[in-house]
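In the UniProt record's numbering, the protein residues as written are 1 to 197.
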């Protein structure tokens with residue numbers, strides 16, 4: 001049944017639309033990786049601002065990695081059960097909201113909790129966007145397509161140090177979290193509009 005549905009999706013989408021979807025899904029995944037590196041880059045600034053302890057700084061970084069890693073397999077299963085599109089959109093909204101709350105953190109404990117939710121929703125984004133890419137392309141294009149998705153996702157790691165430094169210099173360390181909010185919300189609105197059409 002799932003296989004039949006996948007074939008229908010492949011037939012109904014034009015090739016151009018598939019590739020635009022691939023770019024959007026890959027960039028959405030890249031936000032998850034970008035956030036991990038950007039926080040590490042400006043961790044010293046966060047430490048000074050909050051006068052945070054070494055243990056608190058460890059949790060700010062590690063809770064994100066921990067929740068993303070622990071929940072990723074489970075979230076992939078939820079995508080199979082409830083639909084990868086639905087779960088991916090939920091991940092986008094949740095990641096945007098939790099990024100906002102991380103950005104307005106008044107103390108380290110608030111940030112740690114917000115980062116935990118970021119990791120949780122990030123764990124939704126990665127497997128569900130990859131599954132969507134897998135579903136909309138025919139089998140003969142899968143190898144190249146997964147490679148492109150991977151490259152787009154890893155782009156976040158490459159640009160994160162420069163982006164974090166620029167955001168900190170231009171505005172504040174808080175902008176490394178706020179920057180994800182508009183992009184995630186715009187992407188979600190576009191996907192919902194596409195779904196209705």
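Even for Gly, the Cβ is constructed at its ideal location relative to N, Cα and C.
Looking only at its own chain, which residues have a Cβ that is under 6 Å from the Cβ of residue i, when we skip the five neighbours before and after it?
| i | result |
| --- | --- |
| residue 34 | 156 and 160 |
| residue 71 | 120 and 123 |
| residue 67 | 116, 119 and 120 |
| residue 183 | none |
| residue 50 | 108 |
| residue 131 | 79 and 84 |
Could you tell me if residue i is buried or exposed, where buried requires 16 or more neighbouring beta carbons within 10 angstroms of its beta carbon?
| i | result |
| --- | --- |
| residue 75 | buried |
| residue 118 | buried |
| residue 114 | buried |
| residue 48 | exposed |
| residue 84 | buried |
| residue 162 | exposed |
| residue 164 | buried |
| residue 65 | exposed |
| residue 91 | buried |
| residue 53 | exposed |
| residue 105 | buried |
| residue 63 | buried |
Closer than 7 Å by C-beta to residue i: which residues in its own chain qualify, once you throw out the five before and the five after it? Chain order, please.
| i | result |
| --- | --- |
| residue 102 | 111, 114, 115, 118 and 177 |
| residue 30 | 152, 153, 155 and 156 |
| residue 181 | 96, 99 and 100 |
| residue 18 | 136 and 137 |
For residue i, tell me which candidate among the options has the shortest Cα-Cα distance.
| i | options | result |
| --- | --- | --- |
| residue 127 | 164, 64, 182 and 28 | 28 |
| residue 174 | 86, 108, 30 and 91 | 108 |
| residue 20 | 64, 148 and 106 | 148 |
Open item on the list: Please give me, in chain order, every unbroken run of the alpha helix (DSSP H) with length at least 4 that falls completely inside the segment 86–160.
Closed with: Runs of the alpha helix (DSSP H) lying entirely within the segment 86–160 and spanning at least 4 residues, in chain order: 108–136.
Task: Those runs of the alpha helix (DSSP H) which lie wholly inside the segment 49–88 and span at least 4 residues - done: The DSSP assignment places complete alpha helix (DSSP H) segments of no fewer than 4 residues inside the segment 49–88 at 54–82, in order along the chain.
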